[in-house]
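Be aware that the sequence shown starts at 961, since it is given in my numbering, and climbs by one per residue.
Just so it is clear, CB atoms sit at the ideal spot from N, CA and C, and this is done for glycine as well.
Working notes, beginning with the structure itself.
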Amino acid sequence: LFAGRCDFVKGVVAMDGLPAADRMEICFAGRSNVGKSSLINALTGRKALARASNTPGRTQEINFFDLSGALWLVDLPGYGYAEAPVEVVARWQALLKTYLAGRATLRRAYVLIDARHGVKPVDHEIMTLLDGAAVSFQAVLTKSDKIGAAALAKVVERVGEDLKRHPTAFPALIATSSETGAGIPTLRAAVARLLAE
Ligand code: GTP
Ligand code: MG
């Protein structure tokens, strides 16, 4: 699946711009700067398919990538703090929430959590929204290269506890690094399994 092509198709700024809901879709959500775009690049083995940057608020549209004609990979704008004008941020936050709760073909949301920071209140807010919309989601730790093994084990346990508050959370947690490639094969396998189900 991930050995095939992956192409950017469109960036969407309103619900009526969404591509046809004709196939399975998965999306990557998380706080600004958590590493969503970098993770899409790591998963697809492409350096700059999704634009990543050190500035929080880099991704400002809902970006659709066609993975091998089989599914939509969706890179979302971050939530929480972003370096962009307030009214602009408010607009994409509203779109983000409408998308997450209202996209019929959204098979699973991957909710990215920075391994150094754990689950923040704004993450709980998004997870609660997904619970309410009955959208299955899985938590993915990012930037695992930035902490040691013992600290990582601790955060995995703590986030696992946090997830118990959310009925639509998939119980398993995947720790990843887009930098070293840790956990990337596991995440690819998880996505491939969704398609096979
Ligand atoms: P927004 O689009 O602004 O919401 O951000 P994003 O979640 O898409 O984050 P992005 O992928 O742009 O990455 C933000 C910064 O974190 C960039 O400087 C990346 O190089 C860095 N980064 C992302 N993933 C990793 C990782 O696994 N390890 C390390 N060390 N840095 C990472
Ligand atoms: Mg981004």
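Shown here for GLY1040: same chain residues with a beta carbon closer than 6 Å to its own, the five before and five after excluded, namely ARG991, SER992, VAL1082 in chain order.
At the C-beta level, VAL1100 and THR1136 come within 9 Å of one another. For PHE1025, the closest C-alpha among the options GLY1143, LYS1080, ALA980 is that of ALA980. Annotation: LEU1089 to PHE1097 spans about 11 Å, alpha carbon to alpha carbon. Positions of the alpha helix (DSSP H) runs, each at least 4 residues long and wholly inside the segment 1096–1143, are given as 1109–1123 in order along the chain.
In the three-state DSSP reduction, TYR1059 falls in the helix class (H, G or I).
In terms of side-chain proximity, the C-beta atom of LEU1072 is found nearer than 8 Å to a non-hydrogen atom of ligand 1. Within the model, the alpha-carbon separation for GLY1017 versus ALA1110 is close to 31 Å. Using a Cβ-Cβ distance cut-off of 8 Å, the segment 1136–1154 and the segment 997–1007 are in contact, since at least three pairs of beta carbons, one from each stretch, lie closer than that value. Around the C-beta of GLU1117, fewer than 16 other C-beta atoms lie within 10 Å, and the residue is accordingly described as exposed.
In the DSSP assignment, the residues bridged to TRP1032 are GLU985, ASP1026.
For ASP1083, the enclosing alpha helix (DSSP H) has its first and last residue at 1081–1092. Boundaries of the alpha helix (DSSP H) harbouring ALA1002: 996–1004, taken from the DSSP string.
Within 10 angstroms of the beta-carbon of VAL969 lie fewer than 16 other beta-carbons, which makes it exposed.
Here CYS987 has VAL1034, LEU1036, ALA1069 as same chain residues with Cβ atoms under 6 Å from its own Cβ, once five neighbours each way along the sequence are excluded.
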